[in-house]
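Line order of the protein sequences matches chains A and B.
The letter at position 63 of the first sequence is residue 206 when you use this note's numbering, and the numbering goes up by one with no holes.
The letter at position 54 of the second sequence is residue 197 when you use this note's numbering, and the numbering goes up by one with no holes.
We treat Cβ as the ideally placed atom computed from N, Cα and C, and that holds for glycine.
As the structure is a prediction and not an experimental result, all values here were calculated from the model.
Taking it in order: structure first as structure tokens, then the write-up.
Protein chains: 2
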Amino acid sequence: MSDAPDQPSLGPLPGYIGYNLRRAQAASFRHLDAVTPGIDLSPGQFSLLTFLEANPDASQTAITRAFGIDKSTLSPVLDGFSRRGLITRKRAAHDRRTNALRLTAAGLALLARMRARVEAQEALMAAVLEPGEQERLLDMLQRVTDALETDRTAAAAE
Amino acid sequence: MSDAPDQPSLGPLPGYIGYNLRRAQAASFRHLDAVTPGIDLSPGQFSLLTFLEANPDASQTAITRAFGIDKSTLSPVLDGFSRRGLITRKRAAHDRRTNALRLTAAGLALLARMRARVEAQEALMAAVLEPGEQERLLDMLQRVTDALETDRTAAAAE
DNA sequence: TATTGTTATACTCTATAACTATA
DNA sequence: TATAGTTATAGAGTATAACAATA
Chain A
144 MSDAPDQPSL GPLPGYIGYN LRRAQAASFR HLDAVTPGID LSPGQFSLLT
194 FLEANPDASQ TAITRAFGID KSTLSPVLDG FSRRGLITRK RAAHDRRTNA
244 LRLTAAGLAL LARMRARVEA QEALMAAVLE PGEQERLLDM LQRVTDALET
294 DRTAAAAE
Chain B
144 MSDAPDQPSL GPLPGYIGYN LRRAQAASFR HLDAVTPGID LSPGQFSLLT
194 FLEANPDASQ TAITRAFGID KSTLSPVLDG FSRRGLITRK RAAHDRRTNA
244 LRLTAAGLAL LARMRARVEA QEALMAAVLE PGEQERLLDM LQRVTDALET
294 DRTAAAAE
């Protein structure tokens, strides 16, 4: 007890939106990992499977466009899905350069299990928001994301 | 133009808080990286330097507690700071196991430059929020983070 | 020539485990 | 014995560049 050496200060960090976004995102990630033993899907992988459910026969390029990731990032992830029997990759007839991706029955089943956990986490978050706040939160996050992306791409164009 | 093959759907993802947190955080990270050429500090590294400014002579363990990272994650980051002349690490007199960390003048200067960019990014985000919304956003993020951490640690305790 | 996808490679962030030195 | 810090190592997530196949 002699040992509590002044509460350390975080300085201006707690007042930053960016810092709090990072903390919330990290908490969401860790929480989901903790409540999904035996599922072994990251949030990003869950997003990919969700996309494939909504867009059967999507190409890999369609995925990279939807999520803003590089094709070289995606390939090995899909290798893993394929090895685990969660998806099939077939050469598309109309353009034999592209892969037509599909969830297997096992992929759909795992996605359903994961979605239940994700939605339980969403419920947990919603439970600490007042009526109407959740919609406001989503809307604000959307606006903030758009503002940052717009400015970044404008800055990149000099 | 014959080529727009139906808008792909993201399914339920855009309705999830978690998905939007991830997107916003990633946008913040990328944006900051784009507007800080020549500074070479990640958001996490900026947090560390900010902490050291607010807590001179802090120990490494104090930092790991404040940010929830492992000591083995921190050591190499501090090696980098030290090599770049941003901090000093001295053995503490009162307990020679612990390091007393301090920003150098160069560290303070780089931190000040980075903080200006961070606060410009904050202003960009604030600009798309209505009066009062920023405080609401910070408060909601805080509540959500707390709810997730509480549930995760409760679940971990069986 | 341009596009789709794969692979080699590398960098960052994170952790666990084994270690040294101090307490 | 317990704690502070370092180091070896590994795994996830990301990217760039070079490549093969196809358009």
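- Residue environment for THR193(B): buried (at least 16 other C-beta atoms within 10 angstroms of its C-beta).
- Around THR193(A), the beta-carbon contacts reaching into chain B at under 8 Å are LEU153, GLY154, PRO155, LEU156.
- Here DSSP, grouped into helix, strand and coil, assigns ILE212(B) to coil.
- Taking C-alpha positions only, SER225(B) is separated from GLN188(A) by approximately 37 Å.
- Spanning the alpha carbons of LEU246(A) and ASP238(A) requires a straight line of approximately 20 Å.
- Collapsing the DSSP output to three states places THR179(B) in coil.
- The beta carbon of GLN277(B) lies closer than 6 Å to those of ALA269 in the same chain, with the five residues before and after it left out.
- Residue pairing by DSSP places LEU156(B) opposite no residue, since no beta bridge is assigned to it.
- Within the region 238 to 262 of chain B, contact with chain A at the beta-carbon level (separation under 9 Å) is assigned to ARG258, VAL261, GLU262.
- Between the region 155 to 171 of chain A and the region 163 to 170 of chain B, the count of C-beta pairs closer than 8 Å reaches three or more; the two stretches touch.
- Between LEU191(A) and GLN203(A), the CB-CB gap reaches or exceeds 7 Å.
- Inclusion of ALA290(A) and LEU267(B) in the CB contact set at 7 Å is warranted, their separation being smaller than that value.
- Secondary structure at ALA201(B): strand, using DSSP grouped into helix, strand and coil.
- What LEU272(A) touches in chain B, judged by beta-carbon distance under 8 Å, is MET283, ARG286, VAL287, going in chain order.
- For the region 199 to 227 of chain B, the residues whose beta carbon sits under 7 Å from a beta carbon of chain A are, in order, ALA201, ALA205, ALA209.
- Between PRO274(B) and the set MET283(A), PRO157(A), PRO274(A), the nearest pair of CA atoms involves MET283(A).
- DSSP places LEU246(B) inside the beta strand (DSSP E), whose first and last residues are 242 to 246.
- For SER190(A), the nearest CB of chain B lies under 7 Å from its own CB, placing it at the interface with that chain.
- Not a single C-beta of chain A is nearer than 7 Å to the C-beta of ALA297(B).
- Below the 7 Å Cβ cutoff, chain B contributes HIS174, LEU267 as neighbours of ASP294(A), in chain order.
- By the Cβ test, the region 196 to 214 of chain A is not in contact with the region 170 to 179 of chain A, since fewer than three Cβ pairs between them sit closer than 8 Å.
- ARG227(A) is positioned such that its CB atom lies no closer than 7 Å to that of LEU244(A).
- Rounded to the nearest angstrom, the Cβ distance from ALA205(A) to PRO157(B) is 17 Å, too far for a contact under 8 Å.
- For the set GLU292(B), ARG260(B), ARG240(B), ILE230(B), the Cα lying nearest the Cα of GLN264(A) is the one of GLU292(B).
- Boundaries of the beta strand (DSSP E) around ARG232(A): 230 to 234.
- By the neighbour-count criterion, in which a residue is buried when 16 or more other Cβ atoms sit within 10 angstroms of its Cβ, ASP183(B) is exposed.
- For GLN150(B), not one C-beta of chain A is nearer than 7 Å to its own C-beta.
- Taking a beta-carbon distance threshold of 7 Å, ALA236(B) does not count as an interface residue toward chain A.
- Against chain A, the beta carbon of ALA177(B) has neighbours under 8 Å at ARG295, ALA298, ALA299, listed in chain order.
- Within the model, the alpha-carbon separation for LEU153(A) versus ILE160(A) is close to 14 Å.
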